[in-house]
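Novice: Here the protein sequences come in this chain order: A and B.
According to our numbering, the first sequence is numbered sequentially starting from 73.
According to our numbering, the second sequence is numbered sequentially starting from 4.
By construction, the Cβ of each residue, glycine as well, lies at the ideal position given by its N, Cα and C atoms.
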Amino acid sequence: MGENTGTDRRPSPDALLKEAQKAHRGRLKIFLGAAPGVGKTYEMLTAAQARKREDVDVVIGVVETHGRAETQALLEGLEIMPRRTIAYRGHTLTEMDLDGVLARKPHLALVDELAHSNAPGSRHPKRYLDVEELLTAGIDVYSTLNIQHVESLNDVVARITRIRVRETVPDSVLETADEIKLIDLTPTDLIQRLNEGKVYVPKQAERAVQHYFAHGNLTALRELALRRTAQRVDSQMVDYMRSHAIEGPWPAGDRVLVCIEGGPRATGTVRHAKRLADQLHAPWTALNVETGGLRGTSQAEQDSVAEALRLAERLGGEPVVLPGQNVAATIIDYARSNNVTHIIARKPQRSRWRQWLGQSVTHQLIARAGGINVHVIEAPVERPVSAVKAHPHGAVEWFPYLGATSIVALATAFGVGLNHLFSITNVALVFLTGILIDAVLFGRGPSLLACLLSALAYNFFFLPPLYTFTIAEPENVVALFFFGVVALIASNLAARMRAQALTAQVRARTTDELYQFSRKLTVAVTMDDLLWATAHQIARMLKVRVVLLLPEGESVAVRAGYPPEDMLDEADLAAAKWCWEKNRAAGRDSDTLPGAKWLFQPMRTGRGPLGVVGIIRDEPGPLLTPDQQRLLDSLSDQAALGIERITLARDLHQARLQAETDRLRSALLTSISHDLRTPLASILGSATSLRSQHTVLDEETQSALLTTIVEEANRLNRFIGNLLDMTRLESGALHPGTDLVVLSDVVGAALQRTSPILAEHRIEVDLPADLPMLSLDMVLFEQVLFNLLDNAAKYAPPGSSIRLAAGQEGSNVALRVTDEGPGVPAGEIGQVFDKFYRVKGPDRGKAGTGLGLAICRGFIEVMGGQISAANRTDRSGAVFTITVPVPANAPRLDVAVEENEA
Amino acid sequence: MTVDAGPLRVLVVDDEPAIRRFLRAGLSSQGYIVTELETGLPAVDAARRGATDLIVLDLGLP
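Written as structure tokens, this is what we have:
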């Protein structure tokens with residue numbers, strides 16, 4: 073469509089995309105006729121019967137035979153889907169059962185009368201939307217259509233037949249249909265059929281039938297149908313050539329621009345533009361210039377502009393609204409910067425007072441267009457299809473007029489005061505100032521009033537004869553006249569400036585708000601913050617109530633709203649779910665479920681839909697103007713990006729956690745595996761050596777090997793014990809006993825168990841006799857001491873001393889284990905009690921699991937105490953301090969100090 | 004394997020004394036001359052100097 077791939081031999085991406093998208097869709101074949109009665113339904117049924125004979129699964133969705141016997145006969149053998157009944161205003165209407173057909177999933181469905189409007193309460197307002205849903209589900213469809221139902225031809229047909237058809241089908245449906253079969257009948261034959269009573273004429277049209285079925289009429293309609301079909305064949309050829317990169321007579325890169333002004337001819341102009349654009353195979357734009365109300369655009373005009381822009385969008389054009397002071401200049405600027413080659417303008421209206429102030433827009437366009445073609449057309453008047461009353465007309469405000477009057481009064485008073493000093497011409501300037509102030513402060517209406525009042529006051533108070541409305545001297549008449557002229561021009565200019573300043577202000581405010589909103593979104597950290605900020609912003613800027621829905625499981629659920637108490641009922645929730653599933657707008661003012669009170673549209677990013685936003689306003693009428701729709705789209709896009717960002721951040725965090733967990737787990741497995749197997753290797757190696765070689769080995773070696781086996785087995789035992797302790801600690805299965813124990817007993821037990829390990833060290837024990845008894849679990853505490861001593865033995869050099877000392881400090885008892893080893897590296901004191909932490913450095917001798925100190929901490933804390941590590945200040949070495957609270961009523965012992973066990 | 008040009012020299016490299024112990028026990032009882040090392044770098048030197056005929060190397064040296 074206008075993509076200029078002239079010298080390029082590559083297939084056009086648009087064409088390829090179109091082909092790709094067709095792959096999973098059903099195929100649509102339209103039987104097109106110029107007028108009712110040519111036999112479209114008959115042909116459709118004949119074709120369907122032929123397919124049925126080929127064993128295709130054919131189902132009738134809805135077919136209107138209108139009682140004609142020959143058509144009726146063709147229904148034989150075809151499965152007819154039962155229709156849905158809908159009660160509406162006391163009548164029972166039947167419509168195609170869309171869900172039924174979707175569930176049945178035939179290969180081919182027959183759906184008569186594509187332009188039919190569905191009864192209220194159906195999912196879609198029009199039958200062609202139902203067909204669209206069938207096609208998306210992969211079901212082929214045959215359908216029928218009359219040429220007068222085609223949207224862009226609607227006005228042309230109306231001119232020919234004098235009947236305006238209300239039910240229209242957008243051109244896009246025809247353009248994307250896979251096949252169009254033209255059912256052609258010569259006018260003579262058709263008239264004969266009418267006379268034979270074979271043509272169905274709806275009751276309302278009976279009066280117009282005579283004119284409709286006139287020969288000339290039918291010929292014109294037939295030509296329209298033929299031409300449309302030919303155009304389609306042509307565009308199919310072009311598509312084919314493009315997708316196969318065949319060089320052809322591509323049209324030059326045309327672009328069409330149509331100027332939209334308010335009024336009843338706007339929509340007709342748009343349709344004309346569409347036809348021209350189609351002929352040129354060019355993209356087109358509908359441009360409306362907002363001047364900020366020089367003439368004070370009425371509500372009806374604004375509505376007609378909005379409607380024309382909506383129509384343009386439906387027909388495939390791009391609607392654009394630009395602010396501008398000079399309409400023609402803005403249009404030309406846009407045209408030049410967008411490489412527009414054709415401008416469509418309306419024939420200038422007959423003299424209105426805008427023309428009095430300057431040339432009409434069209435004349436200016438012609439004068440300044442330069443190389444751009446300007447088409448001047450007269451579009452037919454179309455009565456607006458929808459009675460649009462978006463905002464009630466505000467009552468005329470009286471305050472500005474009051475203000476204007478008071479300023480004129482002030483100016484008069486001022487003038488009277490000055491009259492004695494200056495001539496009357498200067499008084500005129502005083503009035504002029506007053507008028508300008510009025511225009512700037514109050515706008516056009518009040519300033520016009522001020523002009524009138526000033527002229528009267530000037531006449532009454534200052535022109536002789538004074539205090540009458542007559543004027544004595546002719547030159548004063550002239551003076552008054554020119555005063556009036558100047559006043560009118562000045563006030564108009566000032567009022568126009570003011571209006572534009574106001575428009576610009578509003579736009580600036582909107583832009584600023586959008587900017588603030590986007591900043592708020594960047595700062596939002598949690599999803600709830602973001603959703604609340606979005607709901608609040610939308611509600612504020614569009615003056616609607618808002619809900620935001622996010623995916624939950626298979627469908628969506630309400631996550632935020634403004635006001636927060638708003639709830640959705642079943643029907644509205646269903647609409648929201650449909651919107652989420654199909655990724656299209658649903659609800660009020662949309663193509664689907666238009667009976668709903670809310671409008672739902674998806675929030676999307678490039679990755680797809682992320683949620684649904686729903687808005688509602690209680691007043692009846694359309695919900696949003698095109699401007700507001702754009703604003704909503706912009707806010708919704710920003711919110712979607714924010715949601716995506718937060719979701720991705722959360723996913724990233726999860727992924728990192730997962731990776732970290734995996735890393736730790738594999739480190740653990742490696743470490744355990746090594747630490748279990750090493751002692752086992754020693755044991756096995758020693759044992760097998762003994763068994764196979766005991767004859768060759770001497771006593772000493774044998775004894776040494778046996779010692780190895782015992783020691784390594786013990787080591788393995790301790791290691792497994794550590795692992796089990798750790799598991800118990802982590803699973804919370806540890807319930808320490810709370811008996812009162814004497815510290816020296818526990819210490820003694822621990823020393824006994826560690827004596828083999830501590831063989832090469834000197835042990836010093838310093839426990840005061842009057843230490844209170846402590847509430848401890850003897851087994852756990854002994855294990856803690858064991859681990860500490862084992863640790864000390866590992867790192868302290870042989871021959872050095874290891875000291876245990878205890879003392880009461882306040883309400884605690886502190887026990888310290890001190891060694892003379894290298895101590896803990898300065899920066900790692902905090903990590904010493906971490907699981908699997910080992911001091912980095914050359915591993916000497918027995919490597920530990922890294923769990924010993926972690927177990928110490930775990931046990932001590934479970935018993936209600938604390939453990940800490942530090943380096944000695946007097947020399948190198950580590951100090952481990954255990955602090956345990958003294959129980960409330962602990963008895964004291966008077967026992968002599970126990971001797972060291974070395 | 005029969006030895007004709009004098010006893011073979013074996014270098015045992017492992018950081019675990021227990022493992023070194025039984026390897027020494029086993030190998031020396033077969034008549035090999037066993038030298039123990041705790042770390043890898045001296046082993047590389049020995050190999051370069053040609054001071055050993057066989058190296059039993061722990062692949063998990065820290």
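1. Rounded to a whole number of angstroms, what is the C-alpha to C-alpha distance between L535(A) and Q577(A)?
2. Out of E379(A), A831(A) and T434(A), which has the shortest C-alpha to C-alpha gap to I404(A)?
3. If you check the beta carbons only, do V328(A) and L352(A) fall under 8 Å apart?
4. To the nearest angstrom, how far is it from the Cα of E373(A) to the Cα of R155(A)?
5. The beta strand (DSSP E) spanning R676(A) covers which residue range?
6. Once the 5 residues before and after L40(B) are set aside, which same chain residues still bring their CB inside 6 Å of it?
7. With DSSP as the reference, label I507(A) as helix, strand or coil.
8. Return the CA-CA distance between W322(A) and T143(A), expressed in angstroms with no decimal places.
9. For K615(A), which three-state DSSP category applies?
10. For chain A, find out if any of its Cβ atoms is closer than 8 Å to the Cβ of I22(B); answer yes or no.
11. Contact criterion: CB-CB distance below 8 Å. Does E626(A) meet it with respect to chain B?
12. Kindly say whether G63(B), judged by its beta-carbon, lies nearer than 8 Å to any beta-carbon of chain A.
13. With respect to the beta strand (DSSP E) encompassing F555(A), which residues constitute its N-terminal and C-terminal limits?
14. Need the endpoints of the alpha helix (DSSP H) that F471(A) sits in, please.
15. Using a cut-off of 9 Å between C-beta atoms, extract the partners of S775(A) located in chain B.
16. Just checking: is the beta-carbon of G757(A) within a distance shorter than 8 Å of some beta-carbon in chain B?
17. Which stretch, first to last residue, makes up the alpha helix (DSSP H) that contains V228(A)?
18. Please report the distance separating the alpha-carbon of E637(A) from that of G506(A).
19. Under a three-way DSSP split, which group does Q855(A) fall into?
20. Name the residue from R265(A), P178(A) and G162(A) whose alpha carbon lies nearest to the alpha carbon of R140(A).
21. Rounding to the nearest angstrom, what Cα-Cα distance links A658(A) and I219(A) in this structure?
22. Between the segment 116–134 of chain A and the segment 180–188 of chain A, do at least 3 Cβ pairs fall closer than 8 Å?
23. When you compare the CB of G9(B) with every CB in chain A, is at least one pair closer than 8 Å?
24. Counting only C-beta atoms, is L14(B) closer than 8 Å to chain A at any point?
25. Would you report the Cα separation of A107(A) and V377(A), rounded to the nearest angstrom?
26. Does DSSP put Y35(B) in a helix, in a strand, or in coil?
27. Tell me, to the nearest whole angstrom, how far the beta carbon of L72(A) is from that of S32(B); I am working on the premise that it is less than 8 Å.
28. Does the distance from the CB of D849(A) to the CB of G809(A) come in under 8 Å?
29. At the level of alpha carbons, what is the spacing between K649(A) and V173(A)?
30. Quick check on L26(B) - is its C-beta less than 8 Å from some C-beta in chain A?
31. In the structure shown, what three-state DSSP assignment does D734(A) receive?
32. How about P694(A) and D661(A): do their beta carbons lie closer than 8 Å?
33. For a contact meaning CB atoms closer than 8 Å, what does E39(B) contact in chain A?
34. Hey, how far is the Cα of M599(A) from the Cα of L720(A)?
35. Tell me where the alpha helix (DSSP H) around D326(A) begins and ends.
36. So if DSSP puts S215(A) in a beta bridge, which residue, or which two residues, is it bridged to?
Specialist: From the atom records:
1. 42 Å
2. T434(A)
3. yes
4. 42 Å
5. L671 to T677
6. V16 and A46
7. helix
8. With a pLDDT of 48 at W322(A), under the threshold of 50, the predicted position of this residue should be treated as unreliable, and no value is reported.
9. DSSP, reduced to helix, strand and coil, places K615(A) outside both helices and strands of the structure shown, so it counts as coil.
10. yes
11. no
12. yes
13. Not the beta strand (DSSP E): F555(A) falls in the alpha helix (DSSP H), residues P546 to V595.
14. F471 to N491
15. What S775(A) touches in chain B: nothing, since even the nearest Cβ is about 10 Å away.
16. yes
17. N226 to T233
18. 52 Å
19. helix
20. R265(A)
21. Going by the C-alpha atoms only, they are around 29 Å apart.
22. The segment 116–134 of chain A is in contact with the segment 180–188 of chain A.
23. no
24. It does not: the Cβ of L14(B) has no partner Cβ on chain A nearer than 8 Å.
25. 32 Å
26. coil
27. Nothing in the structure corresponds to residue 72(A), since chain A is present only between 73 and 974.
28. yes
29. 20 Å
30. yes
31. Helix.
32. Contact flag set, yes.
33. By Cβ distance, chain A contributes nothing, its closest Cβ being about 13 Å from E39(B), past 8 Å.
34. Their backbone Cα atoms lie some 11 Å apart in a straight line.
35. Where D326(A) is concerned, there is no enclosing alpha helix (DSSP H), given that its DSSP letter is neither H nor E.
36. I102(A) and V183(A)
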